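Q: Residue numbers (numbering that gives the first Met the number 0), protein chains in the order written: chain A, 0 to 138; chain B, 0 to 155.
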Amino acid sequence: MHHFLLAAIGGALVGVAALILMGLNGRIAGVSGILSGSLTEAGGERWWRLLFVLGIAIGGAIPALLSPDFKPPIPDASTLMVIIGGLLVGIGTGLGSGCTSGHGICGISRMSPRSIVATCTFMAAGFICVYLLRHVFGG
Amino acid sequence: MINKQTGRLGASLLAGIIFGVGMAVSGMTNTQRVQGFLDLAGQWDPTLAFVMGGGLVVAFIGYKFILKNPAPLFAETFALPTKTDIDKPLLFGAVLFGIGWGLVGYCPGPAIAGLSYGYSATLLFIPMMLLGLLAARRIARWFEPPADHQSSSAPA
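#1: Looking at the structure shown, is residue 35(A) part of a helix, part of a strand, or coil, going by DSSP?
#2: Which same chain residues, not among the five before or five after residue 26(B), have their C-beta less than 6 Å away from its C-beta?
#3: Does residue 144(B) come within less than 9 Å of chain A when only Cβ atoms are used?
#4: Are residue 50(B) and residue 124(A) close, meaning C-beta to C-beta below 9 Å?
#5: Whose Cβ in chain A lies nearer than 8 Å to the Cβ of residue 42(B)?
#6: Between the region 73 to 90 of chain A and chain B, which residues of the former have a C-beta closer than 8 Å to a C-beta of the latter?
#7: Quick check on this structure: which residue in 133(B), 143(B), 138(B) has the alpha carbon closest to the alpha carbon of residue 31(A)?
#8: With three or more beta-carbon pairs closer than 8 Å as the criterion, would you say the region 71 to 84 of chain B touches the region 108 to 128 of chain A?
#9: Going by Cα to Cα distance, which pick from 5(A), 3(A), 84(A), 21(A) is closest to residue 108(A)?
#10: Is residue 120(B) closer than 9 Å to residue 76(A) when the C-beta atoms are compared?
#11: Can you find a C-beta in chain A that's less than 9 Å from the C-beta of residue 2(B)?
#12: Contact defined as beta carbons within less than 8 Å: I believe residue 11(B) pairs with residue 38(A). What is the distance between those atoms, to the nearest angstrom?
#13: Go to residue 14(B), then tell me how far its alpha helix (DSSP H) extends in each direction, as first and last residue.
#14: Whether or not the region 53 to 69 of chain A and the region 14 to 23 of chain B are in contact is what I'm after, with contact meaning three or more pairs of Cβ atoms, one per stretch, closer than 8 Å; do they touch?
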């Protein structure tokens, strides 16, 4: 199957997951916010978040078990870049109240102006970052 | 009728699994593909646009129907974000996130979905991201006026 078709199917599955979480639990499927809450909330508020995160880890493993084509290559980044990148993704999504799923999918589909602005901003920052990385500093 | 609390936990796990399968099937767990999407000046890879397109079509239509109901099945209310202002933390946070996303090619969902591959980069990225999320709660206070000390803005 062409990877554009797989991408659209995978994206649609993310949409289905967002609908389940909203229709049954009344929650936005934003991974950064749910991760953040799983660290700081208590009781049932923590458990549903932990189970959602556990589910993502389990779900992510399933396609690669069925076909090696779904096992991605090793991330191409130095240890320092991984440390800085991880910290920036955490700080940025925490401060900006969301990531690609919360703002990019759930927020935009609710036509939230905050999410539309946030998504355009992090995309633009990502474009500039990769431009500098590959075409200015990199080789 | 199942107990609402049990229903909520089951729904979370199910939604998480479907989300994770979506991440892996779509190619979002492939950091090189994601960086390829962000590399407008190079061999641009449009895959991520198809992921967002697929997700948006389903969520846009589905939310319209779901949010017409008075309440979700297993909870009292729909917990929708209430903030509407485009403020400094939103913009500053989005810029930092975009830089980190470009550096490695991981955003939060795909990093978690990629855990099982056991790559050292993934295993290092996740705790750094969690540390960053905790730090963000402190950094957010810098943006608040000095008069009020209430903690705010749990990310969505």
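For glycine and all other residues, C-beta sits at the position ideal for the given N, C-alpha and C.
Note that this is a predicted model, so its numbers are computed, not measured.
A: Taking the geometry as given:
#1: helix
#2: 32, 46
#3: no
#4: no
#5: In chain order: nothing, as chain A lies at least about 10 Å away.
#6: 73, 74, 75, 76, 78, 80, 81, 82, 83, 84, 85, 86, 87, 88, 89, 90
#7: 133(B)
#8: yes
#9: 21(A)
#10: yes
#11: no
#12: Incorrect: roughly 16 Å between the Cβ atoms, too far for contact.
#13: 3 to 25
#14: yes
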